[in-house]
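Report on the structure given below.
See the structure below:
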């Protein structure tokens, strides 16, 4: 049966035993020697509900597709390792859990959670392999800063760019890319899990030298330095949350520059707005669309790009 035909079957890889559904799928012959679960993958879905079983099946199917693609590609490349890790995360999610690194299970306060996951693993066809995934004993791939930034833009926060014009997307990415480029310039394109406080401080000192130089005038503002440090802090936090390691300490946390001395930009006086912008006849040279844009900006305080792009 062709791949497309299999996809059309709503109950593909599902079998029912004693009222509960199981996922059963043959491991492709060309990579069977690389997958310890061969010749078949068998996973209890722990449900008698067909719709829920299909949803869990979809997650496991995607996880196996990802894993087998990495094994076929294979070897020990970073891309293959990343695919194997992503497959493990999806498989854990299909069992109704979130992926957590093994370090999360070291405290006594998570003993019950540890036991629960072990019981689930014991019930599976290949308990050792399942236990490694449920207990976070799958090595996360070595993702470098540049790769993490691409993942951040294309997957982690892709939904935030919906509705933005291409110009707005480019500007959004440009500011964040600057922070990444500056970090790499100072520290190199490090793997994300090797970034330490010393690397973050190097970025801080770089901006400090521009904001408050020992000699000469400043060549950068407080806000520029804070923006770079803030963007790296957000990238670091978002990446590890995405990888299932939300508790990881952020080396960029707490680094920034005080803006207390910065003068606030004064608002336009009401008298000037009414006596100049809204003065009778002041908009006669504008067409109807331009007049409406100006009035909306005055009324709402929105940026011109938010109204007319």
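In our numbering, the protein residues as written are 1291 to 1599. Beta carbons: idealized from backbone N, C-alpha and C, even for Gly.
Where residue i falls: helix, strand or coil (DSSP)
i, result
"residue 1481", "strand"
"residue 1314", "strand"
"residue 1366", "Low confidence applies to residue 1366: its pLDDT is 48, below 50, so where it sits in the model is not reliable enough to give any reading."
"residue 1467", "helix"
"residue 1302", "coil"
"residue 1407", "helix"
"residue 1373", "helix"
"residue 1555", "coil"
"residue 1396", "coil"
"residue 1539", "coil"
"residue 1505", "coil"
"residue 1564", "helix"
"residue 1420", "helix"
"residue 1401", "helix"
"residue 1442", "helix"
"residue 1454", "coil"
"residue 1379", "helix"
"residue 1388", "coil"
"residue 1360", "helix"
"residue 1324", "helix"
"residue 1569", "coil"
"residue 1473", "helix"
"residue 1342", "helix"
"residue 1350", "helix"
"residue 1449", "helix"
"residue 1355", "helix"
"residue 1319", "helix"
"residue 1413", "coil"
Terminal residues of the alpha helix (DSSP H) in which residue i lies
i, result
"residue 1530", "1512 to 1532"
"residue 1501", "1487 to 1501"
"residue 1586", "1578 to 1590"
"residue 1595", "1594 to 1598"
Residue(s) in a DSSP beta bridge with residue i
i, result
"residue 1618", "The requested residue 1618 does not occur in the structure, where the chain is confined to residues 1291 to 1599."
"residue 1307", "1310"
"residue 1434", "1481"
Below-8 Å beta-carbon distance, residue i vs any chain C residue
i, result
"residue 1301", "Any reference to chain C falls outside this structure, which holds one protein chain only."
Exercise. Is it true that the region 1450 to 1467 meets the region 1516 to 1527, where meeting means three or more beta-carbon pairs spaced less than 8 Å apart?
Worked result: As far as the Cβ criterion goes, the region 1450 to 1467 touches the region 1516 to 1527, which means the pair count is three or higher.
Exercise. Taking contact to mean at least 3 C-beta pairs separated by less than 8 Å, is the region 1383 to 1399 in contact with the region 1420 to 1438?
Worked result: Verdict: yes, contact present.
Exercise. Are the region 1353 to 1362 and the region 1373 to 1383 touching, with three or more C-beta to C-beta distances below 8 Å?
Worked result: yes
Problem set entry | Touch test, the region 1532 to 1551 against the region 1479 to 1489, Cβ-Cβ under 8 Å, three pairs minimum | Segments in contact, yes.
Problem set entry | Cβ contact (3+ pairs, closer than 8 Å) linking the region 1490 to 1499 and the region 1396 to 1408 | no
Exercise. Can you find at least 3 beta carbon pairs, one from the region 1470 to 1477 and one from the region 1431 to 1438, that sit closer than 8 Å?
Worked result: yes
For this session: Check whether the region 1312 to 1322 touches the region 1331 to 1339, taking contact to mean three or more Cβ pairs, one atom from each stretch, closer than 8 Å.
Result: yes
Problem set entry | the region 1301 to 1310 touching the region 1342 to 1349, judged by at least three CB pairs closer than 8 Å | yes
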